[in-house]
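Q: Plus 1 on top of the position in the sequence shown (first one is 1) and you've got the working numbering. Take this structure first; my questions come after.
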Amino acid sequence: MKKTLVAYFSATETTRGLAEDLAAAIGADLFEIVPTEKYTESDLDWTNKLSRTTTEMNNRACRPKIAKKIPDLSKYETIFVGFPVWWYREPSIIDTFMESYDFANKTIVPFAAETCARRTR
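Pasting the structure below:
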């Protein structure tokens with residue numbers, strides 16, 4: 002029987018919380034998309050034109066590296082991909098993730114979280 006995976010990137014706790022809740026609600030496995038270089042608070046400062054996220058998002062060819070891979074993608078039929086919205090689109094690390102696997106015959110369901118929303122648990 003094919004399973005469901007919730008893969009997510011969260012620079013803050015917002016998307017992580019949504020991903021955890023979704024995975025629990027649908028009985029899916031959870032996979033965190035972790036950058037090899039963690040984003041700091043100053044990296045996330047969208048008001049700074051020289052911050053890491055600003056320079057990444059201004060360069061559509063940017064592909065931040067991911068620290069780990071999904072061990073066995075073949076066991077998943079449906080994959081939810083979660084991320085915050087940066088500059089009106091997905092963060093560049095999501096492009097890296099999507100280009101790292103062959104998703105043929107998989108159902109991909111994106112979901113996004115507003116980064117300005119703080120989730121309380």
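Ideal Cβ positions, reconstructed from N, Cα and C, are used throughout, including at glycine.
Just list the residues that DSSP pairs Asp-96 with in beta bridges.
A: Stepping through the sequence shown from its first residue, residue 96 is reached at position 95. Answer is none; Asp-96 lacks a bridge partner.
Q: Mind checking which residues open and close the beta strand (DSSP E) that includes Ala-8?
A: Taking the first residue of the sequence shown as 1, we reach residue 8 at position 7. Residues 4-9.
Q: So, with DSSP's three-state summary, where would you put Asn-106?
A: Working through the sequence shown from its first residue, we reach residue 106 at position 105. Coil.
Q: Does DSSP put Glu-14 in a helix, in a strand, or in coil?
A: As a working mapping, residue 14 is identified with position 13 in the sequence shown. Reduced to three states, the DSSP call for Glu-14 is helix.
Q: So the candidates are Ala-25, Leu-23, Val-35, Ile-95; which of them puts its Cα closest to the Cα of Thr-57?
A: Numbered from its first residue, the sequence shown carries residue 57 at position 56. In the sequence as displayed, the identity of residue 57 is Glu instead of Thr. Residue Ile-95 is the option with its Cα nearest to Glu-57.
Q: Please list the terminal residues of the continuous alpha helix (DSSP H) segment that includes Thr-55.
A: As a working note, residue 55 is residue 54 in the sequence shown. 53-59 is the span of the alpha helix (DSSP H), which, as asked, contains Thr-55.
Q: Thr-121: buried (16+ other C-beta within 10 angstroms of its C-beta) or exposed?
A: Reading the sequence shown from its first residue, position 120 is the one you call residue 121. Legend: pLDDT at Thr-121 = 44, less than 50; position of this residue unreliable, value from coordinates given subsequently. Burial call: exposed.
Q: Compute the Euclidean distance between the alpha carbons of Leu-31 and Phe-10, then round it to the nearest angstrom.
A: Counting from one through the sequence shown, the residue named residue 31 turns up at place 30. Counting from one through the sequence shown, the residue named residue 10 turns up at place 9. Their Cα atoms are separated by approximately 11 Å.
Q: Touch check for the region 17-24 and the region 60-71: three-plus C-beta pairs under 8 Å?
A: No, the region 17-24 does not touch the region 60-71.
Q: Please report the residue range of the beta strand (DSSP E) in which Tyr-77 lies.
A: The sequence position of residue 77 within the sequence shown is 76, counting from 1. Its beta strand (DSSP E) spans residues 77-86.
Q: What separation, rounded to the nearest whole angstrom, lies between the Cα atoms of Ser-43 and Ser-52?
A: Here residue 43 refers to the residue found at position 42 of the sequence shown. Here residue 52 refers to the residue found at position 51 of the sequence shown. Taking the straight line joining both Cα atoms gives about 7 Å.
Q: By alpha-carbon positions, which one of Asn-49, Asn-60, Ala-29, Ala-105 ends up nearest to Met-2?
A: Mapped onto the sequence shown, residue 2 falls at position 1. When only C-alpha atoms are compared, the closest one is Ala-29.
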